[in-house]
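Chains as they are written, first to last, in this note's numbering: chain A, 164 to 410; chain B, 164 to 410. The beta-carbon is built from N, C-alpha and C at its ideal position, and this holds for glycine as well.
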DNA sequence: CAGTGGTCTAGACCACGCG
DNA sequence: GCGTGGTCTAGACCACTGT
């Protein structure tokens, strides 16, 4: 199954990819200017830009306007661990992780009412969490908690991001069921700029709904990660006689 | 946060997107030719193609060479249910689902040895499952089972795709732990052509490792889905006193 | 200011699908 | 053969980044 590369841009992309993965071009290094590269490969600039677009989608190259094209530094380092009420993140090296948390009081509307199972307009607390690792993006989380549960759980004043990242969000009423829906899609323009990622790179979006023993939804969260940096891990344990095989 | 659309291609993409989602352009319908559209919007053809590329990444438009651009028919219909040894798929309407299963005897190499915890070169059975729904892609699965377990589980002769889709793969030794790693990435050229999807659309890739009570890996699987059609759902149940909070 | 990428133009030729 | 999209060219102008 040898690869016949018909188009020039793929041929160029393959060549540059080889140079990057082989280490001839090191992480963080700047590539020659597009005009230079186009000259080297004897193609027009649009063609060369097509090649770079391929590598950009793969997360190998990062374009910075006015500066140049760079070999992307970190690659595939974030791990999201499913089945937890915390943010569930663990980075290889937690150095230089800047996290911003913004707490807002809002009212349920649209999708949120269905997710949380509350009435339209009922009060919610929104935690908007953005974490950046150095220059590049890391994660974006929007967590919604019904207002009554917020105070009941004593969460109001202590939403430090350390708590969001490492600890459980609702410690008093233990969650029973966590349902996480995962999809891959292009980022919205907002998400692309907030995460400082290219709109060409897909994001991994996770919608997490946490219910307590009474079946009440105690938390709904929209989590967005740059697709080229995230791995989400879900572990399911089965007991010997399992009874839940609902189709 | 009103959206100011600076580039023409995004303005055109937004306009076409509105027409599609509003129903003025119906699913399956063919758009005007690129030359015509370029004329209507008073832009050059490359610019218009840029707009179509945006919609293609979003899965709204499908380009077919020599025929035209079409509004994509189905959208977001497949659901992958995690935590099962079956393929875990459930489609809204299971009509016209064509599945191809190819069984091959191979030997462990590369990543597979680590995933399965076997020695390099040890015999494996590979099940290559491709399912298509009508014209569009559905899913691609590569399932690897150690040879000795294959015969032990009595799987060899009965790998019908119905069994793969609906039933458990290894019924005799009940699996204890299923670990699923999810990531979003652009498809490989192979995957794009096999799934008949555009290489511009990201895929949702799931690597599933199933271990039995003895900790032996009884199955490893690479699952690939077109990102614009799949939702993966993972449900985690917690008992009242949980003890696993490892960082 | 010079250099860079971001966007766009107005063509060209080729490969595919269909009649 | 004809219309379609796929690819490519050789420029142009603008916006951003640094000095």
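Under the three-state reduction of DSSP, which class applies to residue 195 of chain A: helix, strand or coil?
-> In the first chain, counting from the first residue as 1, residue 195 of chain A sits at position 32. In the structure shown, residue 195 of chain A sits in coil (DSSP, three-state: anything other than H, G, I, E or B).
Applying the criterion that 16 or more other CB atoms from any shown protein chain within 10 Å of the CB defines a buried residue, is residue 393 of chain A buried or exposed?
-> As a first step, residue 393 of chain A must be located in the first chain, where it is residue number 230. Its Cβ being crowded by 16 or more others within 10 Å, residue 393 of chain A is buried.
Which of the three DSSP states, helix, strand or coil, is assigned to residue 228 of chain A?
-> Here residue 228 of chain A corresponds to residue number 65 of the first chain, with the count starting at 1. Coil.
Could you list the residues in the region 338-355 of chain A with a C-beta less than 9 Å from some C-beta on chain B, going in chain order?
-> 338, 339, 340, 341, 342, 343, 344, 345, 346, 347, 348, 349, 352, 353
Interface flag, residue 272 of chain B vs chain A, CB-CB below 8 Å | In the second chain, counting from the first residue as 1, residue 272 of chain B sits at position 109. So no, residue 272 of chain B is outside the interface.
Using only alpha-carbon positions, find the residue among B:375, B:390, B:363, B:294 that is nearest to residue 357 of chain B.
-> Looking up residue 357 of chain B in the second chain gives position 194. Closest by alpha carbon: B:294.
Closest residue to residue 242 of chain B among B:400, B:402, B:391, B:399 (Cα-Cα distance) | For the purposes of this step, residue 242 of chain B is taken as the residue at position 79 of the second chain. Checking every option, the nearest Cα to that of residue 242 of chain B belongs to B:391.
DSSP puts residue 178 of chain A in a beta bridge; with which residues?
-> Working through the first chain from its first residue, we reach residue 178 of chain A at position 15. Answer by DSSP bridge pairing: none, since residue 178 of chain A is not bridged.
Own chain partners of residue 361 of chain A with C-beta closer than 6 Å, once the 5 adjacent residues on each side are dropped = The sequence position of residue 361 of chain A within the first chain is 198, counting from 1. Only 219 meet the Cβ criterion.
Residue 234 of chain B: buried (16+ other C-beta within 10 angstroms of its C-beta) or exposed?
-> Position 71 of the second chain, counted from the start, is the residue given in the question as residue 234 of chain B. Per the 10 Å Cβ criterion, buried.
Which residues in the same chain as residue 217 of chain A place their Cβ atom closer than 6 Å to its Cβ, once the five residues preceding and following it in sequence are excluded?
-> Walking along the first chain from the start, residue 217 of chain A turns up at place 54. Counting only Cβ-Cβ distances below 6 Å, and skipping sequence neighbours, we find 176.
Expected contact under 8 Å - CB spacing of residue 296 of chain B and residue 269 of chain B to nearest Å = Stepping through the second chain from its first residue, residue 296 of chain B is reached at position 133. Stepping through the second chain from its first residue, residue 269 of chain B is reached at position 106. Contact doesn't hold; Cβ gap of about 28 Å is too wide.
Would you give the residue range spanned by the alpha helix (DSSP H) that residue 277 of chain A belongs to?
-> Residue mapping note: residue 277 of chain A aligns to position 114 of the first chain, counting from 1. Segment 274-279, the alpha helix (DSSP H) holding residue 277 of chain A.
Where DSSP assigns a beta bridge to residue 265 of chain B, which residues make up the other side?
-> As a working mapping, residue 265 of chain B is identified with position 102 in the second chain. Per DSSP, B:291.
Taking three-plus beta-carbon pairs below 8 Å as touching, is the region 340-357 of chain B in contact with the region 192-199 of chain B?
-> In short, these stretches do not touch, since the Cβ pair count stays below three.
Interface flag, residue 206 of chain B vs chain A, CB-CB below 8 Å = Numbered from its first residue, the second chain carries residue 206 of chain B at position 43. By this cut-off, residue 206 of chain B is not an interface position.
Three CB pairs or more closer than 8 Å across the region 372-379 of chain B and the region 364-379 of chain A = By the Cβ criterion, the region 372-379 of chain B is not in contact with the region 364-379 of chain A, since fewer than three pairs of Cβ atoms, one from each stretch, lie closer than 8 Å.
Would a check of beta-carbon distances place residue 367 of chain A closer than 8 Å to chain B?
-> Position 204 of the first chain, counted from the start, is the residue given in the question as residue 367 of chain A. It does; some Cβ of chain B falls within 8 Å.
How would you list, in chain order, the residues of chain B whose beta-carbon sits under 7 Å from the beta-carbon of residue 393 of chain A?
-> Locating residue 393 of chain A in the first chain gives position 230, counting from the first residue. Simply 346.
Three-state secondary structure (DSSP) of residue 319 of chain B = Along the second chain, read from residue 1 onward, the residue named residue 319 of chain B stands at position 156. Unreliable positioning characterises residue 319 of chain B in this predicted model, as indicated by a pLDDT of 38, which lies under 50. The coordinate reading is nonetheless provided below. If DSSP states are grouped into helix, strand and coil, residue 319 of chain B belongs with the helices.
What is the rounded straight-line gap between the Cα of residue 273 of chain A and the Cα of residue 309 of chain A?
-> Indexing the first chain from 1 puts residue 273 of chain A at position 110. Indexing the first chain from 1 puts residue 309 of chain A at position 146. Approximately 15 Å between the Cα atoms of the pair.
Distance between beta carbons of residue 365 of chain B and residue 387 of chain B, contact taken as under 8 Å | One-based indexing of the second chain puts residue 387 of chain B at position 224. One-based indexing of the second chain puts residue 365 of chain B at position 202. Residue 365 of chain B and residue 387 of chain B do not touch by the CB rule: their CB atoms are close to 11 Å apart, not below 8 Å.
Residue from B:246, B:266, B:303, B:292 with nearest C-alpha to residue 398 of chain A | Translated into positions along the first chain, residue 398 of chain A becomes position 235. The shortest Cα separation from residue 398 of chain A among B:246, B:266, B:303, B:292 belongs to B:246.
So which of B:212, B:395, B:185, B:171 has the shortest CA-CA distance to residue 348 of chain A?
-> Here residue 348 of chain A is taken as the residue at index 185 of the first chain, counted from 1. Out of B:212, B:395, B:185, B:171, B:395 has the C-alpha closest to the C-alpha of residue 348 of chain A.
Sequence-distant residues of its chain with Cβ nearer than 7 Å to residue 204 of chain A (five each side left out) = As a first step, residue 204 of chain A must be located in the first chain, where it is residue number 41. The answer, listed in chain order, is 175, 211.
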